[in-house]
Each structure stands twice: as structure tokens, then as C-alpha cells.
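Just so you know, the sequence shown maps onto residues 1 to 247 in full-length UniProt numbering. Only one structure is covered here, and it is reproduced in the block below.
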Amino acid sequence: MPAPGQLTALMGASGAGKTTLLDTLAQRKRTGKIEGTFRLNSELLDESFERSCGFVMQQDIHEPFATVREALEFSAHSRQPAHISNENKMAYVEHIIHLLDLENIAEALVGQPGDGQLSVEELELAARPSSLLFLDEPTSGLDSQASFELVLFLRRIAAEGIPVVCTIHQPSGVLFDMFDQVLLLAPGGRTVYFGETGEKSSEVVDYFGRHGAIIGSDTNPAEFILSTCHVQERRLAGLAGYMTCLR
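Now the structure itself:
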């Protein structure tokens, strides 16, 4: 798992189980069969883990008649532990407003188009997650500029010492280079790569190169590793079908 200050991308083709894995890691999966143990800092997870984590789904859930400041305060009051004083909770809200440069829109309505828009990520951050922050495809439906600003925002969260893990679908080369680590899954949930991306994605690209997959000079590294994984999966499926016919 990522260390404090790290931003980790969870990637894979459709059906690879990205969201299922994210839900399982966040202890949100209540159906199906789950085996193994979960540890954080070598310690088995206890009941406090879920409250110490943040989880951002794709849907926005805002009260449209609250101001940005009120929405953050409500999230802090309802989500932060009871032993934290109201003064500390409000001080943390002010810290978040300053950290995210929200001073100019703090009194705008959340549901107001334009300046009053508040992301679920910002609300979740007000809950003061101390262990991990999980996000399920936060860039879905965003244009390239909005996606860049969101991932930059996630880097600022990680810089606060909160490890961040998010699923992301076909990021641009610029976005992919902003992540510290990547966990790449093949269909069926098999791990293809888990490690650092490296400067300009050099670590993950070199890993694939050592195994015979050479990237083109103008190729997006994220698209390259996804397509390579997909091609190899198709080859294995074809070989399995051929062996079945021989039987």
C-alpha cells in the first residue's frame, strides 16, 4: 500500500476488478467471499479503520442550499471523531479552505453553477481521513483541464501526509506522470505490475521493456501498459482455446 505522501493509481481493463478491489481495501465490500487478512502498518485492521479513511464515490452528494463553508463544517462535525473539539474541527475546516484556495467561494452556495461548485473530494477531506483516502474514478466525465486540476488537488492532499489511492481510466501521459505508484490489473484481477511509476513513467516502462514490450517514442505510457496487458490477455485466451481443441 502507498506510504504517506504517495498518490497511487489503480488501473486495469474493464472487468479487471478495480472497483471491487477498491471497495474491498476500504472495507466496504459486504457480499461475496473475501479471504486473507488486512493490515495497516503491519497491524490487523480494527473497527476504527473505516472511520479513519475517506471514500469518494463517483456521484456528487451535496446540499444545494448550503454554502461551501457550511458544507465543509457539516462534514467535519458529522464525520470527525467525537473526541475532537468543535474548535479543532472548525480550525481544520479553515485549514482546508486555505489549502484548497477556497477563500473566494467560501460563502457561495454549493449548488450554484460556476464559483460555488464543491467536489466530493473536498467534502471527504473535511472529514479528516488519517489513514487513507480512496477514490473511484474521480476524473470520469471531466475534460483534460479539469482532470489535471483534480489530480493536482489529490497531490496536495497526499502532501498533507494522507496516502491516496484512486481508480483511473486511461489517463493522459501528463496525468499518469503525476502518480507515484501504479497497480495494474489484468482481467480476472491478476496483478501485472505494482510499483513506482518513476520520473516520466520510466520505472513502469522499463519494467515492461525488460519483458519484451517496447514503448514507442510518442506513446502515452498509460495507454501502452493497458494495451500491452490487453494484448497478452487475448493471446493467453487464444492459447487456452487452442489447447482445449487439442484435447
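Ideal placement from N, C-alpha and C gives every residue a C-beta, glycine not left out. These figures come from a predicted structure and were not determined experimentally.
- Counting along the chain, the unbroken beta strand (DSSP E) around E196 starts and ends at R190 to E196.
- Per DSSP, the unbroken beta strand (DSSP E) holding D136 starts and ends at L132 to D136.
- At a Cβ-Cβ threshold of 7 angstroms, A76 and V93 count as neighbours.
- Our two residues, T139 and E87, have alpha carbons roughly 34 angstroms apart in a direct line.
- Per DSSP, reduced to three states, the secondary structure at A3 is coil, with no helix or strand assignment.
- Sixteen is the threshold: when 16 or more other Cβ atoms of the shown chains lie within 10 Å of the Cβ of V204, as they do, the residue is buried.
- Per the DSSP secondary-structure output, R39 pairs in a beta bridge with L44.
- Assigned with DSSP and collapsed to three states, V110 falls in coil, not helix or strand.
- Just measuring C-alpha positions, the residue of V174, H95 and L185 sitting nearest L22 is L185.
- In this structure T8 does not touch T167 by the C-beta definition: roughly 10 angstroms separates them, more than the 8 angstroms allowed.
- Our two residues, G32 and E107, have alpha carbons roughly 44 angstroms apart in a direct line.
- Excluding five sequence positions before and after S172, the CB atoms of its chain that fall closer than 7 angstroms to its own CB belong to S144 and N220, given in chain order.
- Bounds of the beta strand (DSSP E) holding G54 are C53 to V56.
- Remark: C-beta atoms of P187 and I162 do not approach each other more closely than 7 angstroms.
- With at least 16 other beta carbons inside 10 angstroms of its own, S147 counts as buried.
- Counting along the chain, the unbroken beta strand (DSSP E) around Q181 starts and ends at Q181 to A186.
- Taken through DSSP and simplified to helix, strand or coil, L100 comes out as coil.
- Nearest to G15 by alpha-carbon distance, out of G209, R190, F224 and K200, is R190.
- Bounds of the beta strand (DSSP E) holding T167 are V164 to T167.
- The Cβ-Cβ distance between I214 and F224 does not fall below 7 angstroms.
- Taking C-alpha positions only, Q170 is separated from D180 by approximately 16 angstroms.
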